[in-house]
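Peer 1:
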Amino acid sequence: MLDIKSLSASIDGKKILDGFDLKIKPGEVHAIMGPNGSGKSTLANVLTGKNGYEIEGQVFYEGKDLLNLPIEERAQKGLFMAFQYPLEIAGVNTNNFLKTSLNTIRKVRGLKELDSLEFLKLVKTKTKNLKIDEKILNRQLNVGFSGGEKKKNEILQMTILEPKLAILDETDSGLDIDALRIVSDGVNALRSKERSFLIITHYQRLLDYIKPDFVHVLVNGKIAKTGCGELAEELEKVGYERMGTDKQTAI
Amino acid sequence: MILNFDNFQKANQSGSKLNNIRIKNLNIFKEKGFPTKKEENWKYTDLNRIISNNLSKLEILNDKKTSQYNNEWILKNFQHNQIILVNGDFVSSNFSFETKEKITIKPLKKILNEEKDFEKIRNYFDEQENSLNALNHALVNDGIFLEIEDDYSFKKPLIIYNFFNKFSENKIINNKSIILLGKNSKLSVLEWYRAESDIKYFNNTIHNCSIQKNAILKKYIMDSNLDNSYNYHFTNVKSYSNSIFENFLFSAGSSFIKNEIRCDLVETFSSCFINALIFLKNQQHHELKTNVNHKQENCKSSQLVKSALLDKSNGTYQGKIYVDKKAQKTNGYQLSKALVLSENSAFNSKPELEIYADDVKCSHGSTTGNIDQNSVFYLMSRGLSKEQANRMLVEGFLNEAIETITEPNIKSLISKLFIDKINKTKFEINEY
Chain A
155 MLDIKSLSAS
165 IDGKKILDGF
175 DLKIKPGEVH
185 AIMGPNGSGK
195 STLANVLTGK
205 NGYEIEGQVF
215 YEGKDLLNLP
225 IEERAQKGLF
235 MAFQYPLEIA
245 GVNTNNFLKT
255 SLNTIRKVRG
265 LKELDSLEFL
275 KLVKTKTKNL
285 KIDEKILNRQ
295 LNVGFSGGEK
305 KKNEILQMTI
315 LEPKLAILDE
325 TDSGLDIDAL
335 RIVSDGVNAL
345 RSKERSFLII
355 THYQRLLDYI
365 KPDFVHVLVN
375 GKIAKTGCGE
385 LAEELEKVGY
395 ERMGTDKQTA
405 I
Chain B
-16 MILNFDNFQK
-6 ANQSGSKLNN
4 IRIKNLNIFK
14 EKGFPTKKEE
24 NWKYTDLNRI
34 ISNNLSKLEI
44 LNDKKTSQYN
54 NEWILKNFQH
64 NQIILVNGDF
74 VSSNFSFETK
84 EKITIKPLKK
94 ILNEEKDFEK
104 IRNYFDEQEN
114 SLNALNHALV
124 NDGIFLEIED
134 DYSFKKPLII
144 YNFFNKFSEN
154 KIINNKSIIL
164 LGKNSKLSVL
174 EWYRAESDIK
184 YFNNTIHNCS
194 IQKNAILKKY
204 IMDSNLDNSY
214 NYHFTNVKSY
224 SNSIFENFLF
234 SAGSSFIKNE
244 IRCDLVETFS
254 SCFINALIFL
264 KNQQHHELKT
274 NVNHKQENCK
284 SSQLVKSALL
294 DKSNGTYQGK
304 IYVDKKAQKT
314 NGYQLSKALV
324 LSENSAFNSK
334 PELEIYADDV
344 KCSHGSTTGN
354 IDQNSVFYLM
364 SRGLSKEQAN
374 RMLVEGFLNE
384 AIETITEPNI
394 KSLISKLFID
404 KINKTKFEIN
414 EY
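Here it is as structure tokens:
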């Protein structure tokens, strides 16, 4: 599904990712944990295609060179990022935005575009399943949304767009227990043999709800340690600092 | 001076009151000429230069009248009363939804020709804000006179169609519209401009509105289809006690337009709303100049102007709020937000507050910027192309102005036209 080979990314001459390697197979859930400034969000941004980074290395997505694809084509080919800070977009109706987005992607995939009624039916089911108040659909995109509503909206978008690879960039930050459950239920409901997840988080808490297959610790722009679910618990106890300095344990 | 007035002078030597006014105003115009950027109100719009660069063959409209227009331009599936003007002349009216005896509608020409009637509208020839007003007083041929009785509310909106056909080519068209609302009356009017393609003319119109106690006038201006016209509209509103004036301007069609709107809140508890959407491309040059004059206590005014500029277009908003020393408890507000979408487009904003009372609430704001690239990234990460993302962001940005329209049918009509227009626009926006 995704094969990242010695990926480096710098911004304004400052190296943030430094020889990052990662392989994700279909159906796998990978968690990336790491301290502030270790390069977690940069990784998500580079994979999604955000401008402004000097990039070295290679990324293959379904066997194809990802880094040369325009942003929208990555999304159309099934890559999705749930933003750490979803943008507030004044004047753009959430429902219209979702419909445009879904239909653009469906069109590229050779599926029939949904008309307003079909879309409404779909979106109503999805909001109900996720226990999200459907009133947000008639509001301007993320404008005046609470932190929790914004994150739930990201999960709703993910659920509707049905990506092949979903990257969640600190989606758990700032969530209360109920919202955390909605987010993790959303992810768990989408888990399948074909779909992979890359979950970026600071805390082990989210991983109590979403059981990852692998946990990676990102320190100074590269993976310092990889393990299974227990690694997250261990991290919670000992902190990131020891992981980073104790290079011997790196796999 | 480009214009030739010889024939005009010959035709106006009868010595009647109107002719004397015409000659007097013609001399004022001859002395001043078209406004230049040396005048403070025209500093962003040098009309004299615009005219000599683009309309060097400008002539006074001759007597050859024509009333032909394209019947398909009349809105279908939208119940409305109508007045049709062709090249500024009154052609027909239809008020089939209304009680006829409550309404007086006349071609202005009729009133100009009757000395007794003319006396009633004579004071509308006093305005001397600029030389174009004088030119209008001198050359006005026709237009609209509409009076609504006390306590009468229009059942359906009125659409004033302003059509221009090929006989207006290179002509300067001067007309006046006079709309008088009696106490407790109510009217929604949509002014609709449409010209045969590529006809080039100059339209100089003075709109006079009087809104008596408790009356409501909602005025919507659709300038969406004109391509190569040059226009100056001076709107002069007198608002009496507890009345409401709501004005929405869709400014997107003409090559050049300056809309100057003055609203005098002359009695207490009257309110004035001026909202505008300015959406320009190519080399269009549009200006909105407002003067809201709070002359008595407890009046309210609000202005919201949203602009987006592509290519080499130029937009200007000069918004003024004046608060007389008697006008305590004034609530005045204005906000201008502009997206300058190309390196070669420009937006000028000049907010002015002139306040002589000490117990007032007045605020203004003005922002000019480009599309937020993080927002573009967000939308593109959901599969939208860059052009789709830009279009969606501009549409959302401008839509805020349309949201101010309080008349639901007109709002959905304008909204539909806006979306059509924006869908036809190319948004190849580069970061700069």
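Residue numbers (the working numbering), protein chains in the order written: chain A, 155 to 405; chain B, -16 to 415. Where a beta carbon is used, it is the ideal one built from N, C-alpha and C, also for glycine.
1) Which of the three DSSP states is assigned to M235/A in this structure?
2) Report yes or no: is there a C-beta of chain B within less than 8 Å of the C-beta of A404/A?
3) Using a cut-off of 7 Å between C-beta atoms, extract the partners of G379/B located in chain A.
4) Residues bridged to Q212/A by DSSP?
5) Cα separation between L367/B and R260/A?
6) Could you confirm whether any beta carbon from chain A is found closer than 8 Å to the beta carbon of G366/B?
7) Quick one: Cα of F239/B to Cα of T387/B, how far?
8) How would you label V341/A, buried or exposed, when you count the other beta carbons within 10 angstroms and need 16 or more for buried?
9) Whole angstroms is fine: what's the gap from N406/B's alpha carbon to N3/B's?
10) By how many angstroms is the C-alpha of E250/B removed from the C-alpha of K166/B?
11) Kindly list the residues whose CB is nearer than 6 Å to the CB of D72/B, restricted to its own chain and excluding five residues on each side of it in sequence; keep chain order.
12) From D367/A, L197/A and V246/A, pick the residue whose C-alpha is nearest to that of I378/B; which is it?
13) Between S180/B and D210/B, which are expected to be in contact by the criterion C-beta below 8 Å, what is the C-beta distance as a whole number of angstroms?
14) Report the rounded CA-to-CA distance for E370/B versus F410/B, giving the unit in angstroms.
15) Listing by chain order, which chain B residues have their CB less than 8 Å from the CB of F251/A?
16) Just the C-alpha distance for A121/B and K7/B, rounded to the nearest angstrom, thanks.
17) Cα-Cα, which of N327/B, L38/B and F401/B is closest to S212/B?
18) Can you tell me which of the three DSSP states H277/B falls into?
19) Taking the beta strand (DSSP E) that L170/B belongs to, which residues open and close that run?
20) Reducing DSSP to helix, strand and coil, say where A185/A ends up.
21) For a quick check, are the C-beta atoms of A343/A and K306/A less than 8 Å apart?
22) Can you say whether D326/A is buried or exposed, counting buried as having 16 or more other CB atoms within 10 angstroms of its CB?
23) My output table needs one value for E23/B: the three-state DSSP class, helix, strand or coil.
24) For N314/B, I'd like the list of residues in its chain whose CB is within less than 7 Å of its CB, leaving aside the five on either flank, ordered along the chain.
25) Near E22/B, which residues of its chain fall below 8 Å by C-beta distance, leaving aside the five closest residues on each side in sequence?
26) Comparing C-alpha positions only, which one of N53/B, I11/B and I142/B sits nearest to L396/B?
27) At a CB-CB cut-off below 9 Å, which residues of chain A make contact with Q195/B?
28) For G167/A, count neighbouring Cβ atoms within 10 angstroms of its own Cβ and tell me buried if that reaches 16, exposed if not.
29) Among M375/B, E84/B and L336/B, whose alpha-carbon lies nearest the alpha-carbon of D355/B?
30) Among the residues of its own chain, which have a CB less than 6 Å from the CB of V275/B, if the five just before and after it don't count?
31) Which residues bound the alpha helix (DSSP H) around H347/B?
32) Quick test of the definition: if touching needs 3 or more C-beta pairs under 8 Å, does the stretch 127 to 141 of chain B touch the stretch 84 to 93 of chain B?
33) Would you tell me roughly how many angstroms separate the C-alpha atoms of Y363/A and S338/A, rounded to the nearest one?
34) With a threshold of 16 other CB atoms inside 10 Å of the CB of G375/A, please say whether the residue is buried or exposed.
35) Is F237/A close to chain B, meaning its C-beta is less than 8 Å from at least one C-beta of that chain?
36) Excluding the 5 residues flanking I100/A on each side, which residues of the same chain have their C-beta closer than 6 Å to its C-beta?
Peer 2: Put simply:
1) strand
2) Below a pLDDT of 50, predicted positions are generally treated as unreliable, and A404/A, at 40, falls in that range; no measurement from the model is reported.
3) I243, A244, G245 and V246
4) K159/A
5) 12 Å
6) yes
7) 25 Å
8) buried
9) 51 Å
10) 13 Å
11) D125
12) Strictly speaking, residue 378/B in this sequence is Glu, with Ile absent from that position. Nearest C-alpha to E378/B: V246/A.
13) 6 Å
14) 5 Å
15) L362, R365 and M375
16) 8 Å
17) L38/B
18) strand
19) K169 to A178
20) strand
21) no
22) buried
23) helix
24) K283 and K344
25) N113
26) I142/B
27) Chain A residues near Q195/B: none, gap ~37 Å exceeds 9 Å.
28) exposed
29) M375/B
30) C246, C255, S284 and I304
31) That residue, H347/B, is in no alpha helix (DSSP H); its beta strand (DSSP E) goes K344 to G352.
32) yes
33) 6 Å
34) buried
35) yes
36) Residue coverage of chain A in this structure runs from 155 to 405, which leaves residue 100/A outside it and unanswerable.
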